[in-house]
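S.K.: Quick one: the structure is below, questions incoming.
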Amino acid sequence: MDDDLLLLIISSPSGAGKTTLTRDLLEHFQDLTFSVSHTTRKPREGEVDGRDYHFVDQARFSELVAQGAFAEWAEVHGNLYGTALSEIERCRREGHRGLVFDVDYQGARQIKAARDDAAGVFVLPPSLQELRARLERRASDDDATIERRFNNARREIENYGLFDYVIVNDELELAKEQLRSIVWAERARRFRMAKRGEALLRRSKVG
Ligand code: ADP
Ligand code: 5GP
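All the letters of the sequence shown, read from the start, carry residue numbers -2 to 204 under the working numbering.
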């Protein structure tokens, strides 16, 4: 726990709403930044290279793996995704107070293995029926992709136990509030506040 940076992992089965919730969180806490992952997935309409993902081909992804450039990486729904170590350096360099990772449970496990102080949040849909409806409503993937993502939901939900917090994204405003509350709670963790307490004690000794 050598570091004051808040590392916040947000995971969910595809379509449960983690992108929606993450965007809201980053708007609310301007001192947090989004960890931009690398992926071999093709961009969806509206996605911007360098903002939503670094879109790369398989050869480039393998090169980065060989160079040891990733803090974690995994195959998810048939594509490769990874978090570059340089994202953590960027976060420090730009002076942010925390980094938000949108990664699957395999990525969450790898980040937690390296950084025990990282906080993990798992977002559940209210029901599997609603999950499917959201995947269809998002209308950004073809039918086979929707089917594949829906069929993977069970395995992802089985891994909720890797996470520190679980939110049900039913009523959106409530889920947003819950996620913001987690950031406040994590910021108040004793190990993050200990320096403040000790500084007050040192001052009161002298004065
Ligand atoms: P994920 O990033 O987990 O795959 P998205 O954030 O893309 O999910 O959300 C999937 C779809 O569900 C989007 O169309 C989004 O607008 C919608 N959605 C998100 N949260 C809710 C909610 N609480 N109620 C209804 N629809 C929602
Ligand atoms: P999507 O294709 O919908 O953007 O993301 C699909 C899945 O990949 C989601 O579960 C998302 O959290 C996960 N994902 C995105 N980036 C990363 C990453 O860098 N590492 C890992 N392990 N998973 C990621």
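We put the beta carbon where it would ideally sit given N, CA and C, even for glycine. Please read all numbers here as calculations on a predicted model, not as lab measurements.
What's the call for residue 166, buried or exposed, on a 16-neighbour Cβ count within 10 Å?
M.R.: Answer is buried; the Cβ neighbour count reaches 16.
S.K.: For residue 150, is the classification buried or exposed, using 16 other Cβ atoms within 10 angstroms of its Cβ as the cut-off for buried?
M.R.: With 16 or more other Cβ atoms within 10 Å, it is buried.
S.K.: Would you call the region 63 to 72 and the region 98 to 108 in contact, with 3 or more CB pairs under 8 Å?
M.R.: Yes, the region 63 to 72 is in contact with the region 98 to 108.
S.K.: What's the C-alpha gap between residue 55 and residue 76?
M.R.: If I take the Cα positions, the gap works out to 9 Å.
S.K.: If we count the other Cβ atoms within 10 Å of its Cβ and call it buried at 16 or more, is residue 45 buried or exposed?
M.R.: Residue 45 should be labelled exposed.
S.K.: Mind checking which residues open and close the beta strand (DSSP E) that includes residue 83?
M.R.: First-last for residue 83: 82 to 90, but that is the alpha helix (DSSP H), not the beta strand (DSSP E).
S.K.: Does the distance between the C-beta of residue 148 and the nearest non-hydrogen atom of the ligand ADP fall short of 7 Å?
M.R.: Because no heavy atom of the ligand ADP lies under 7 Å away, the Cβ of residue 148 does not count as near it: no.
S.K.: Quick check on the DSSP output: the beta strand (DSSP E) that includes residue 159 runs from which residue to which?
M.R.: No beta strand (DSSP E) contains residue 159, which DSSP labels as neither H nor E.
S.K.: Can residue 36 be considered in contact with the ligand 5GP, in the sense that its beta carbon sits closer than 7 Å to one or more heavy atoms?
M.R.: Yes - the ligand 5GP has a heavy atom lying nearer than 7 Å to the Cβ of residue 36.
S.K.: Is residue 105 close to the ligand ADP? I mean its beta-carbon at under 7 Å from any heavy atom of the ligand.
M.R.: Residue 105: no, Cβ never under 7 Å from the ligand ADP.
S.K.: How would you call residue 84, buried or exposed, if buried means at least 16 neighbouring beta carbons within 10 angstroms?
M.R.: Residue 84 should be labelled buried.
S.K.: So residue 10 and residue 153 are supposed to be a Cβ contact under 8 Å. How far apart are they, rounded?
M.R.: That pair is a contact at about 4 Å.
S.K.: How should residue 59 be labelled, buried or exposed, when 16 other C-beta atoms within 10 angstroms of its C-beta is the threshold for buried?
M.R.: Classification of residue 59: exposed, given that the 10 Å Cβ count is below 16.
S.K.: Look at the alpha carbon of residue 158 and the alpha carbon of residue 200, and state the distance between them as a whole number of angstroms.
M.R.: Their Cα atoms are separated by approximately 43 Å.
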